[in-house]
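K.L.:
Residue numbers (the numbering used here), protein chains in the order written: chain A, 1 to 225; chain B, 1001 to 1225. Can you keep this structure in mind? I'll have questions shortly.
Number of protein chains: 2
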Amino acid sequence: MRVLVVDDDVQIIRAMRINLRARGYDVDTAADGASALRLATEHLPQVVLLDLGLPDMEGVEVIQRLRGWSQVPIIVLSARHSAGEKVRCLDSGADDYVTKPFGMDELLARMRAAERRAVPLEEAPVVRTGSFEVDLGAKRVLRNGEEVRLTPTEWHILELLARNAGQLVSQRQILHDVWGPNYQNETNYLRVYLAQLRRKLEPDPAHPRYLITEAGRGYRFEREG
Amino acid sequence: MRVLVVDDDVQIIRAMRINLRARGYDVDTAADGASALRLATEHLPQVVLLDLGLPDMEGVEVIQRLRGWSQVPIIVLSARHSAGEKVRCLDSGADDYVTKPFGMDELLARMRAAERRAVPLEEAPVVRTGSFEVDLGAKRVLRNGEEVRLTPTEWHILELLARNAGQLVSQRQILHDVWGPNYQNETNYLRVYLAQLRRKLEPDPAHPRYLITEAGRGYRFEREG
DNA sequence: GAGGACCATGACTGATCCTTCACGGCTTGT
DNA sequence: ACAAGCCGTGAAGGATCAGTCATGGTCCTC
């Protein structure tokens, strides 16, 4: 669940990032309207928390430009209690308007409410190869139409590689993403799990076509065999 | 555009009725939870404005019973500033929570926001498997043409899985949806209830074909055996 | 107040998964 | 050719997770 936090106050950004991370959100942050709009197009967050009073743009303008192409829930955070501002934001397309100071619990509840009724816009993110397909939404892998059973760790690694299909993912990055920051030297694990993934997915596990090793650098998910 | 105003204060009822009428709404009013629920079923309002502190029923209960069959936007109006109350209402299914005193303009803007994103209600889908069918609209399960009796909790879990048929649903998500945010570690419950569901629905409960466990990941409703 | 339905909770057993190690092949540089 | 890394493979112990059964509690009905 990805959330985009837009605020020009570094303190707030930090506090929000910590709080939201702890609740299991992936957090993007932006300090101005332009980078907010860019990040929104790149990462497609499921919720946007928008502070008013950005340096480069009116809040209403950010809302309108987001609404130009996206239905993502927007929750406005603001210190201004002006009723007119609330009405303008809500009528521009914001979903909710919370005035500072607010409790984190309340904000989280409002985020859940917004997510709950969000249009399930989903484009089906499925990564296909010549031999199997990875359904990132359903969290499952099909090979010849049959489901392949993966363990949590196996899936975690495969998902990471598939989301970066065609690109090299470094060993450090995999270890960090899957096992956390304290396992960056356990390249052992990668060898074991990559072997298991190949055994389950590759036509000829001894000569991988899709899960490619780049010696000393990392691994790469290749779509075309 | 019909709106249902629920409040036990005659003054407020009158004021709201006048204000909303002037904006072109058709207004129903109820002074307690029971008549609110009855009016909601009879007139199918497009928005519900719900005051807390009704004489006969907790606000959360009204929300839950409405949500049992309706997706109508619910905006809670309350003099209580307690954060816990807000969280409970929002997590029970309320769309917004406005604290008194509030400006009429703000309320109207929030109503417009709620109406805007209200989904035109979907047709009741039925999820079929080789052994039974789940009627999400009628909230019941048929097996060999006969109704299977499910307890509320069993149904809640089955409904969640069936709505996401084919997709993996994590344990956390089920626990959060069914028991609330404070039960995310009670994986015990899932084991017990999944066993009960299998006993009632699976042809061979010891070897489930439709309610699939993925160890460490979650559960999956599988349509095809 | 007796009974039944439903829920919460704990204990036990079996299954699954993770970690770790050992060994051998392959590549690279000297 | 040899040594040193790096990688792939298989297997074993221990940790974690799931299925099952049993128990006590609460609420509602009769």
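Note that the Cβ used here is the ideal one computed from N, Cα and C, for glycine as well. It should be emphasised that the depicted structure is a prediction, and the values quoted were computed from it without experimental measurement.
At 7 Å on the CB atoms, spell out the chain B contacts of residue 86 (chain A), in chain order.
P.N.:
What residue 86 (chain A) touches in chain B: 1106, 1109.
K.L.:
Exposed or buried, which one is residue 1016 (chain B) when buried takes at least 16 other CB atoms within 10 Å?
P.N.:
Burial call: buried.
K.L.:
Can you find the residues in the same chain that come closer than 6 Å, C-beta to C-beta, to residue 96 (chain A), ignoring five residues on each side of it along the sequence?
P.N.:
Within the same chain, residue 96 (chain A) has close Cβ partners 75, 110.
K.L.:
Quick check on residue 1113 (chain B): buried or exposed, where buried means 16 or more other Cβ atoms within 10 Å of its Cβ?
P.N.:
Its Cβ being crowded by 16 or more others within 10 Å, residue 1113 (chain B) is buried.
K.L.:
Please look up how many angstroms separate the CB atoms of residue 1197 (chain B) and residue 1157 (chain B), rounded, as I've assumed it's under 8 Å.
P.N.:
Confirmed, Cβ separation roughly 7 Å.
K.L.:
Using the beta-carbon of each residue, which ones in chain A are nearer than 8 Å to residue 1083 (chain B)?
P.N.:
Those are 103, 105, 106, listed as they occur along chain A.
K.L.:
Would you call the stretch 1074-1094 of chain B and the stretch 58-68 of chain A touching, i.e. three or more CB-CB distances under 8 Å?
P.N.:
Flag = no, the stretch 1074-1094 of chain B and the stretch 58-68 of chain A do not touch.
K.L.:
How is the alpha helix (DSSP H) around residue 1035 (chain B) delimited, first residue to last?
P.N.:
Where residue 1035 (chain B) is concerned, the enclosing alpha helix (DSSP H) stretches over 1033-1043.
K.L.:
Here's the rule I'm using: 16 or more other beta-carbon atoms within 10 Å means buried, otherwise exposed. How should residue 1161 (chain B) be labelled?
P.N.:
The residue is buried, with at least 16 neighbouring Cβ atoms inside 10 Å.
K.L.:
Put residue 1223 (chain B) into one of helix, strand or coil per three-state DSSP.
P.N.:
Reduced to three states, the DSSP call for residue 1223 (chain B) is coil.
K.L.:
Measure the beta-carbon distance from residue 1098 (chain B) to residue 1072 (chain B) and round it to whole angstroms, keeping in mind my assumption that it falls under 8 Å.
P.N.:
Contact doesn't hold; Cβ gap of about 17 Å is too wide.
K.L.:
Is there contact between the stretch 135-155 of chain A and the stretch 1212-1223 of chain B, where contact requires at least three CB pairs shorter than 8 Å?
P.N.:
Yes, they touch.
K.L.:
Suppose you measure from the CA of residue 1028 (chain B) to the CA of residue 1206 (chain B); what does that come to, to the nearest Å?
P.N.:
Taking the straight line from one Cα to the other gives about 53 Å.
K.L.:
Distance, Cα to Cα, residue 1165 (chain B) vs residue 1210 (chain B)?
P.N.:
About 10 Å.
K.L.:
What does the Cβ neighbour count give for residue 94 (chain A), buried or exposed, with the cut at 16 atoms within 10 Å?
P.N.:
Its Cβ being crowded by 16 or more others within 10 Å, residue 94 (chain A) is buried.
K.L.:
Cα separation between residue 33 (chain A) and residue 1 (chain A)?
P.N.:
Distance between the alpha carbons of residue 33 (chain A) and residue 1 (chain A) is about 22 Å.
K.L.:
Let me know the alpha helix (DSSP H) ranges lying completely inside the stretch 161-193 of chain A, each 4 residues or longer, listed in chain order.
P.N.:
171-179, all fully within the stretch 161-193 of chain A.
K.L.:
Cβ of residue 1167 (chain B) less than 8 Å from any chain A Cβ?
P.N.:
With 8 Å as the cut-off, residue 1167 (chain B) counts as an interface residue toward chain A.
K.L.:
Please list, in chain order, all residues of the same chain as residue 1199 (chain B) whose beta carbon is under 8 Å from its beta carbon, the five residues on each side excluded.
P.N.:
For residue 1199 (chain B), where only same-chain residues beyond five positions count, the Cβ hits under 8 Å are 1205.
K.L.:
What are the residues in the stretch 1141-1170 of chain B lying within 8 Å of chain A by C-beta distance?
P.N.:
So the close ones are 1166, 1167, 1168.
K.L.:
Using the rule of at least 16 other Cβ atoms within 10 Å of the residue's Cβ for burial, across every protein chain shown, is residue 1011 (chain B) buried or exposed?
P.N.:
Exposed is the call here.
K.L.:
Taking the beta strand (DSSP E) that residue 30 (chain A) falls in, what are its first and last residues?
P.N.:
Segment 26-30, the beta strand (DSSP E) holding residue 30 (chain A).
K.L.:
Quick one: list the residues of chain B neighbouring residue 68 (chain A), beta-carbon separation under 9 Å, in chain order.
P.N.:
Residues of chain B passing the Cβ test: none, with the nearest at roughly 15 Å.
K.L.:
Is residue 1037 (chain B) close to chain A, meaning its C-beta is less than 8 Å from at least one C-beta of that chain?
P.N.:
Not closer than 8 Å to any Cβ of chain A, the Cβ of residue 1037 (chain B) fails to qualify, so no.
K.L.:
Can you tell me whether DSSP reads residue 92 (chain A) as helix, strand or coil?
P.N.:
In this structure, residue 92 (chain A) counts as helix in the three-state DSSP scheme.
K.L.:
Which residues in chain A have a C-beta closer than 9 Å to the C-beta of residue 1079 (chain B)? List them in chain order.
P.N.:
Simply none; closest approach about 16 Å.
K.L.:
Just verifying my parser: in three-state terms, what is the DSSP assignment at residue 1143 (chain B)?
P.N.:
If DSSP states are grouped into helix, strand and coil, residue 1143 (chain B) belongs with the strands.
K.L.:
Here's the rule: buried if 16 or more other CB atoms are within 10 angstroms of the residue's CB, otherwise exposed. What is residue 174 (chain A)?
P.N.:
Buried: at least 16 other Cβ atoms inside 10 Å.
K.L.:
For residue 213 (chain A), name the three-state secondary structure that DSSP assigns.
P.N.:
In this structure, residue 213 (chain A) counts as strand in the three-state DSSP scheme.
K.L.:
Taking just the CA atoms, how far does residue 1192 (chain B) sit from residue 1212 (chain B)?
P.N.:
Rounded to whole angstroms, residue 1212 (chain B) to residue 1192 (chain B) spans 14 Å at the Cα level.
K.L.:
Can you tell me whether DSSP reads residue 1128 (chain B) as helix, strand or coil?
P.N.:
Of the three classes helix, strand and coil, the one that applies to residue 1128 (chain B) here is strand, per DSSP.
K.L.:
Does the distance from the C-beta atom of residue 51 (chain A) to that of residue 105 (chain A) stay below 8 Å?
P.N.:
No, the pair does not count as a contact, with Cβ atoms beyond the cut-off.
K.L.:
Between the alpha carbons of residue 62 (chain A) and residue 38 (chain A), how many angstroms are there, rounded?
P.N.:
For residue 62 (chain A) and residue 38 (chain A), the distance between alpha carbons rounds to 11 Å.
K.L.:
For residue 1199 (chain B), does the three-state DSSP call read helix, strand or coil?
P.N.:
The answer is helix: DSSP assigns residue 1199 (chain B) an H, G or I state.
K.L.:
Is the distance from the Cβ of residue 1184 (chain B) to the Cβ of residue 1176 (chain B) below 8 Å?
P.N.:
Result yes, Cβ atoms of residue 1184 (chain B) and residue 1176 (chain B) sit closer than 8 Å.
K.L.:
Starting from residue 77 (chain A), trace the beta strand (DSSP E) both ways and give me its first and last residue.
P.N.:
Run containing residue 77 (chain A): 74-78, per the beta strand (DSSP E) assignment.
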